Amino acid sequence: MKRACAAVLALVAVLVVGLPAQAQLPPTPQVPQVPLPEPVPSTVIQVIDTAVPIVGQTAIALRPAVIPVGFALRAPCAGLGAAGFVLALGSSVVVTPFPTGVLIGPALILCSGAFEPGPADPVLQQLDDATGDMVEEQTDPVLEQLSGAADPAKPQLDEGCGVIKIFAEAPRQAPPPVHRIDAIGVLCE
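Structure below.
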């Protein structure tokens, strides 16, 4: 019963708030369609049909090899995940001749192994326990000064901060104690 009431309330909220808000949005610009010569789409599809299973199976097979060095790959993999999200959003506006998941999917399969607990994680956690507070004490004043220096530019950055914050998780995935440094917070709060 509670779920049904919550669903009805959510529907009412969408209708009451969402529709008037959507009416205030500017129309989405139309991207001109550029027709591709006929052999291009069929060749792309044939390459995708041939390569994707092989690359995907290779990524699955190599995933366990990533686990021991995963701590070093977590930040780049988080950035890749954010880039995949942005690509997925962009491909809904700009038509591409191939799905974006084909490009980024195998790398994300490998990256999934980077987030598994590895042999270096306990050592890095001990290092973070021993030096993490000191790292924060040393870097926070510097970051606060940089943030203060960036204050005049922050109103212009507000629009871009939404996109920047998509990538904010990547530095937080750095190995301890480096993950404590919030460089994104200097520009976007």
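Going by this note's numbering, the first residue of the sequence shown is number 13, and it counts up by one from there.
Note that the Cβ used here is the ideal one computed from N, Cα and C, for glycine as well.
From a predicted model like this one, the values you see are computed outputs, not experimental measurements.
If the five residues before and after P188 are omitted, its C-beta is found closer than 7 Å to the C-beta atoms of L136, Q137, L139, D140, G144, all from its own chain and listed in chain order. Contact holds between the region 84-93 and the region 179-193, because three or more Cβ pairs, one in each stretch, are under 8 Å apart.
Straight-line measurement puts the Cα of V106 at about 11 Å from the Cα of V46. Cβ-Cβ distances below 8 Å link I121 to G68, A71, I72, R75 in the same chain, with the five nearest sequence neighbours on each side left out; the list follows chain order. A direct Cα-to-Cα measurement between G93 and E128 gives close to 16 Å.
For the pair G96 and I116, the CB atoms are nearer than the 7 Å cut-off. In this structure I193 touches T151 by the C-beta definition: roughly 5 Å separates them, less than 8 Å. For a cut-off of 8 Å, the C-beta gap from I79 to G160 is around 41 Å, too long to register as a contact. Note on G82: 16 or more other CB atoms within 10 angstroms of its CB, so buried under the neighbour-count rule.
Burial state of G172 is exposed, judged by a 10 Å Cβ sphere holding fewer than 16 other Cβ atoms. The region 49-114 contains, as complete alpha helix (DSSP H) runs of 4+ residues, the segments 51-78, 82-103 (chain order). Between V98 and L155, the gap from beta carbon to beta carbon reaches 7 Å or more. Excluding the 5 residues flanking it on each side, D170 has no same chain C-beta neighbour closer than 7 Å.
In this structure P164 is exposed. Its beta-carbon is surrounded by fewer than 16 other beta-carbon atoms within 10 angstroms. Excluding its 5 nearest sequence neighbours in each direction, A126 has C-beta neighbours in its own chain below 7 Å: V78, G82, L85, R86, C89, listed in chain order.
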